[in-house]
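Position one of the sequence shown corresponds to residue 18 (our numbering), numbered consecutively onward.
Just so you know, even glycine gets a beta-carbon here, dropped at the ideal spot from N, CA and C.
Note that the coordinates shown come from a computational prediction; the quantities given were computed from them, not determined experimentally.
Notes follow once the structure below has been shown.
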Amino acid sequence: MGRPDTSCLDKPAEFKDGKPVTTCSTNKEGTKVCQEGYVMVKPYYAPDTEVKVCAFDAQGRCGKNLEKCQVDNAKTQQTITKSLINQLVMYAESLYKSKRPYTDLITAKDMYVNGPLSHFMRHQMNTLDGISIGDMNIKGDIPVVAFHKQEEWKSVDRGTLHSGILTMPAYLLRFASNRGRADRFYNSFLCKPFQAPPGGLPPGQDTCHKEP
């Protein structure tokens, strides 16, 4: 307890007044270390199994079944990152199969989410743990898809500030600055480099900055 390099005891946790009971000892460095036991949890990323979780880690801040926390040894962040990439592929493929206008690639307001993305956007997007992409300005409710269902995709109606793949998480993360995003768009879709107009860009309070 209180040391990130100290794990819990390999025995079931004991509780007093609803709080984990700790066992304290002095390590070889002469530092007092207090440890709690573990509890069994059915994690969101593998709901059909049970894993040992240190009792303090399993408290309310990680939510039910650890739903608000990333788990390194389960590679949850890598799974989410992979899904963000596949989201772009899924979207482009859906436009082709549905015979929608190619312009929807950069103008449409919908997108698709699978299990990892559904869970991330509903439980982890506004936490400090793992990937951070800010306010997604989603118009409708995020479809509920279990984290482990990576191949199940459902459509989401996004808000008016969205514009195709240009406002999807993978694009925003890959090109982290507005200038980088604009430069990539100009090069890919307008076939010319991005340059500021004569006299520079409009001031920050200009209404043009509120456009998609």
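Worksheet item: What are the complete alpha helix (DSSP H) segments, minimum 4 residues, inside the stretch 109-142?
Response: 121-124 and 132-136
Worksheet item: To the nearest angstrom, how far is it from the Cα of Leu218 to the Cα of Ile155?
Response: 28 angstroms
Worksheet entry | Outcome for Asn44 when other beta-carbon atoms lying within 10 angstroms are tallied against a minimum of 16 | exposed
Discussion item. If the criterion is Cβ atoms closer than 8 angstroms, does the pair Val70 and Val50 meet it?
Written reply: no
Worksheet entry | Residue burial classification, Tyr61 (beta-carbon count within 10 angstroms, cutoff 16) | buried
Worksheet item: At which residues does the beta strand (DSSP E) containing Asp174 begin and terminate?
Response: Lys171 to Asp174
Fill in: the stretch 68-87 / the stretch 105-112 touching (three or more Cβ pairs under 8 angstroms)
no
Discussion item. Considering just the uninterrupted stretch of the alpha helix (DSSP H) at Tyr188, what are its terminal residues?
Written reply: Pro186 to Arg191
Worksheet item: How many angstroms separate the CA atom of Asp34 from the CA atom of Val88?
Response: 28 angstroms
Discussion item. Alpha carbons only, please: which of Ser135, Glu53 and Glu31 is nearest the one belonging to Lys166?
Written reply: Ser135
Worksheet item: Mind checking Val38: buried by the 16 CB within 10 Å criterion, or exposed?
Response: exposed
Worksheet item: Is the CB-CB distance between Gly221 and Glu169 below 8 angstroms?
Response: no
Fill in: Pick from Cys208, Asn195 and Pro215 that is closest to His226, judged by C-alpha positions
Asn195
Worksheet item: Given 8 angstroms as the limit, is there contact between the stretch 109-122 and the stretch 157-164, that is, 3 or more CB pairs closer than that?
Response: no
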